[in-house]
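Worksheet: the structure to be examined is printed underneath.
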Amino acid sequence: MFELIKLGKNTYYIDCPSKVGVYVYNKNDAMLIDSENDEDSARKILRILKENNLNLKMIVNTHSHADHIGGNGFLQKRTNCKIYAPEIEEAFVNNTILESSLMYSAKPFLKLQNKYFKAKESNAEKIDVKNLPDGVEIISLKGHSPNHVGIKTPDDVIFIGDSLISVETLEKYHIAYLFDAKEYLNTLKMLENLKASCFVPSHAEASSDIKRLVKLNIDKAYEIIDKILDMLKEEKTQEEIIQKIILDYNLKQSLNQYIIVKTTIKAYLSYLCDEGIIDFCFKDGKMYWLKVN
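The opening residue of the sequence shown carries number 821 in this note's numbering; numbering runs sequentially from there.
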């Protein structure tokens, strides 16, 4: 853990819970792709860079979730590096209370403002390919978050962030956090046909072939959709849908897990409603969802 792994001539990743990409340019300058989840991890990242005589010049965030931006503040303070994030995501990086607010739909209570949902803030700018090293490309991978991106280096390595979830995570948790189910499904279909020498998901093994993993992610998404539609043969409240998903998958009943499931189920409900597959009604002060015949 926390070792520098070479993938191409100038492309590496640091093996850690949320893999951090490293692209070397101008001989000794380094661009990081994401920064892990906290100051302790950031210290380890900086140590690795120093051991390899690399000067941190910039961090590019694939998206604004805490486990990808948590090291930003420490690294920026220590190195004065630039931080770039996609449009919309940049606002969340600069105002990290927004992430837990989005997931809770209001100001989050203090126990929800934990390091998994609220990173320390940093000073990020909107990403522009003109500010990146020559040959680095940005690939839209929306769905997991509002404007999630992938980063492709000139070595034909693509860091795809959280656009794919590992087999182990799918088997254990089943529910991959989503902001926009329609965009997520579109991203998965695009990834099926995307070609590169190597793909680096943040929470799965780097690989030259991700087709099987993409299929597993697609299958799981439609499995969840089918479960929801089966439930909605009869009217159900959002809370009843969430409860059944948690019980069916035998998920750990904790604050973090509940918030992830709740937000993701709401993303699926939005998608199905917008597609005209389900609709809602109100009875006795409650909102109910129902499959359209």
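For glycine and all other residues, C-beta sits at the position ideal for the given N, C-alpha and C.
- Per DSSP, Tyr-1004 lies in no beta strand (DSSP E); the unbroken alpha helix (DSSP H) holding it starts and ends at 1001-1013.
- The stretch 1028-1041 makes no contact with the stretch 891-907: fewer than 3 CB pairs, one atom from each, lie closer than 8 angstroms.
- Taking the Cα of Pro-928 as reference, the smallest distance to any Cα among Lys-1103, Asn-1113, Ile-1085, Ile-1079 is reached at Ile-1079.
- About 7 angstroms separates the beta carbon of Leu-827 from that of Ala-1026, a gap short enough to meet the 8 angstroms contact definition.
- When rounded, the separation of the alpha-carbon atoms in Lys-847 and Gly-841 is 17 angstroms.
- According to DSSP, residue pairing for Thr-1057 in a beta bridge involves Tyr-1108.
- Counting along the chain, Thr-1083 sits inside the alpha helix (DSSP H) bounded by residues 1075-1094.
- When secondary structure is reduced to three states using DSSP, Met-878 falls in the strand class.
- Inter-residue distance for Val-1020 and Phe-822 is about 15 angstroms (C-alpha atoms, whole angstroms).
- Sixteen is the threshold: when 16 or more other Cβ atoms of the shown chains lie within 10 Å of the Cβ of Pro-906, as they do, the residue is buried.
- Under the three-pair Cβ rule at 8 angstroms, the stretch 957-969 counts as touching the stretch 1002-1013.
- The C-beta of Val-987 has fewer than 16 other C-beta atoms within 10 Å across all chains shown, which makes the residue exposed.
- Bridge partners of Asp-1099 according to DSSP: Leu-1110.
- One Cα belongs to Trp-1109, the other to Val-977, and the distance between them is close to 43 angstroms.
- With a cutoff of 7 angstroms on beta-carbon distance, Glu-856 and Ser-838 are scored as near each other.
- In the DSSP annotation of this structure, the continuous segment of the beta strand (DSSP E) that includes Ile-903 starts and ends at 902-905.
- Close CB contacts of Asn-1076 within its chain, under the 8 angstroms cut and outside five residues either way in sequence, are with Asn-934, Tyr-936, Phe-937 (chain order).
- Contact between Ile-1048 and Ile-1061 holds, with the beta-carbon distance rounding to 6 angstroms and staying under 8 angstroms.
- The stretch 1049-1060 makes contact with the stretch 1096-1103; the number of CB pairs closer than 8 angstroms reaches 3 or more.
- Under the criterion of beta carbons closer than 8 angstroms, Ile-834 and Ile-868 qualify as touching, at roughly 6 angstroms.
- Membership of Phe-912 in the alpha helix (DSSP H) is indicated by the continuous run 909-914.
- Listed in chain order, the non-local C-beta contacts of Thr-989 below 7 angstroms within the same chain comprise His-1023, local neighbours out to five positions each way being set aside.
- Ile-947 carries a coil assignment under DSSP once its states are collapsed to helix, strand and coil.
- In this structure, Pro-966 and Ile-908 form a Cβ contact; the two beta carbons are roughly 5 angstroms apart against a cut-off of 8 angstroms.
- When the beta-carbon positions are compared, Leu-932 and Ser-920 come within less than 7 angstroms of each other.
- In the three-state reduction of the DSSP assignment, Asp-982 falls in the coil class, being assigned neither a helical nor a strand state.
- With respect to Gly-981, Thr-916 sits apart: the two C-beta atoms are not nearer than 7 angstroms.
- Collapsing the DSSP output to three states places Gly-893 in a helix.
- A direct Cα-to-Cα measurement between Glu-859 and Lys-1056 gives close to 43 angstroms.
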